[in-house]
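Residue numbering for the sequence shown follows our numbering, beginning at 3 and increasing consecutively. We treat Cβ as the ideally placed atom computed from N, Cα and C, and that holds for glycine. On a predicted model such as this, the values are computed, not experimentally measured, just so you know. The next block holds one structure in the form of structure tokens; read it before the comments.
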Amino acid sequence: MCLGRRGNAYILASESCALDTVGAELIRDVRPGEIIVIDEDGLTSHMAFHNSRRAYCIFEYIYFARADSCMDGFNINKVRREMGRQLAREYPVEADMVIPVPDSGIAAARGFAAESGIPFEEGLMKNRYIGRTFIQPSQSIRDLGVRLKLNPIRDVLDGKRVVMVDDSIVRGTTSGKIVNMLRECGVKGVHFCISSPPVIKPCFYGIDISTEYELIACRKPLREIRNFIGADGLHYLSLEGLLNVFGQERNNFCTACFSGDYPVEIPKAHDRDKYILE
Numbered sequence: 003m004c005l006g007r008r009g010n011a012y013i014l015a016s017e018s019c020a021l022d023t024v025g026a027e028l029i030r031d032v033r034p035g036e037i038i039v040i041d042e043d044g045l046t047s048h049m050a051f052h053n054s055r056r057a058y059c060i061f062e063y064i065y066f067a068r069a070d071s072c073m074d075g076f077n078i079n080k081v082r083r084e085m086g087r088q089l090a091r092e093y094p095v096e097a098d099m100v101i102p103v104p105d106s107g108i109a110a111a112r113g114f115a116a117e118s119g120i121p122f123e124e125g126l127m128k129n130r131y132i133g134r135t136f137i138q139p140s141q142s143i144r145d146l147g148v149r150l151k152l153n154p155i156r157d158v159l160d161g162k163r164v165v166m167v168d169d170s171i172v173r174g175t176t177s178g179k180i181v182n183m184l185r186e187c188g189v190k191g192v193h194f195c196i197s198s199p200p201v202i203k204p205c206f207y208g209i210d211i212s213t214e215y216e217l218i219a220c221r222k223p224l225r226e227i228r229n230f231i232g233a234d235g236l237h238y239l240s241l242e243g244l245l246n247v248f249g250q251e252r253n254n255f256c257t258a259c260f261s262g263d264y265p266v267e268i269p270k271a272h273d274r275d276k277y278i279l280e
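What follows is the structure in structure tokens.
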């Protein structure tokens, strides 16, 4: 959450892009454990907790946040570009073009293209009126959403070797459908490059990933995932490479979905879900 100001009015928003929309100035981010009180006397700040471990959700930077936002001093677009650059350093490939899975894969794809020297192209067009498929409530709706959301450009893709960059693979079904769509357009080869590590653990802090069974990287090794989605190559950004993007702040993030290191202990209940800590 961030704090902004326009004239004599204070504004609180989940992302800084909301402040830009109303012409407000970003003052700073709300600190973990901070209580901000705004009343007729102005603004006061109180810290409910002191010296606690910081553990910002790293998935905000990978997927959830808008690319035109700044969070905790980091520009989301720049962070995602650097993830793509790091991915290209870790996994050099030969291809004719780099294409993103829009929208969250665009910045990483541009970074990958810049670092690798492979031309960037728009090979998939997004229907702007369709919501995010990952956060849809059921698999059947997610499957339908892929076809409605994305349409490949045959004239760009036909006969080409493609590096396709996306932000993450969670369940794997969406990725497989996109690869199949590219094959139908005559693509010669698909290297699927992911600008985050494999998601191997559930999130119990509010994201709708509540069981390990849902996570394809928890159930299958890399080769089986590659075969499942139908790609010729599958490459994930390493956890070390991801954290290197953040420099000296690298230890201030929750990476539980990638590492299993939960910053808050999770109760051992048989029916654990995203509401278990509430």
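Restricting attention to S47, E27 and I78, the CA atom closest to the CA of E36 is found in S47. When C-alpha distances from F61 are compared across V103, Y207, G232 and L224, the shortest belongs to Y207.
Comparing C-alpha distances from C4 to each of V172, M73 and P154 shows the shortest one belongs to M73. In the DSSP assignment, N129 falls outside any beta strand (DSSP E), carrying neither H nor E.
Cβ-Cβ distances below 7 Å link A69 to I78, N79, R82 and A109 in the same chain, with the five nearest sequence neighbours on each side left out; the list follows chain order.
For a cut-off of 8 Å, the C-beta gap from I101 to G174 is around 19 Å, too long to register as a contact.
R30 and A50 have their C-alpha atoms some 18 Å from each other.
Taking one beta carbon from each stretch, the segment 191-203 and the segment 160-171 have 3 or more pairs nearer than 8 Å; the two touch. Within the DSSP bridge table, the entry for N153 names M127 as partners. In the DSSP secondary-structure assignment, L21 is not bridged to any residue. Nearest to A11 by C-alpha distance, out of P34, C19, E17 and D43, is D43. In the three-state scheme derived from DSSP, where H, G and I count as helix and E and B as strand, F194 is classed as strand.
Inside the segment 171-256, DSSP marks whole alpha helix (DSSP H) runs of 4 or more residues at positions 175-186, 218-221, 224-231 and 241-246, from first to last along the chain. The three-state reading of DSSP puts Y93 in coil, since its state is none of H, G, I, E or B. Annotation for G6: the continuous beta strand (DSSP E) segment containing it runs C4 to R8.
If you look at R112, you'll find it in the alpha helix (DSSP H) that goes I108 to S118.
Counting the other Cβ atoms within 10 Å of the Cβ of R130 gives fewer than 16, which makes it exposed.
Annotated as distal: R55 and A26, with beta-carbon spacing of 7 Å or more. Taken through DSSP and simplified to helix, strand or coil, A258 comes out as helix. Around the C-beta of Y215, fewer than 16 other C-beta atoms lie within 10 Å, and the residue is accordingly described as exposed.
Secondary structure of F51 (DSSP, three-state): coil. In the structure shown, I64 falls within a helical segment according to DSSP collapsed to helix, strand and coil. Residues H193 of the same chain have their beta carbon placed closer than 6 Å to that of G235, with the five preceding and five following residues left out of the count. Considering only S16, G75, L14 and E17, the residue with the shortest C-alpha distance to E251 is G75. The beta-carbon distance between C256 and Y58, rounded to whole angstroms, is 7 Å. This is short enough to meet the 8 Å contact definition. Within the DSSP bridge table, the entry for R30 names L5 as partners. DSSP links M99 through a beta bridge to V164. For I40, the uninterrupted beta strand (DSSP E) run begins and ends at E36 to D41, by DSSP. DSSP, reduced to helix, strand and coil, places G86 within a helical segment of the structure shown.
Under the three-state reduction of DSSP output, I78 falls in the helix class.
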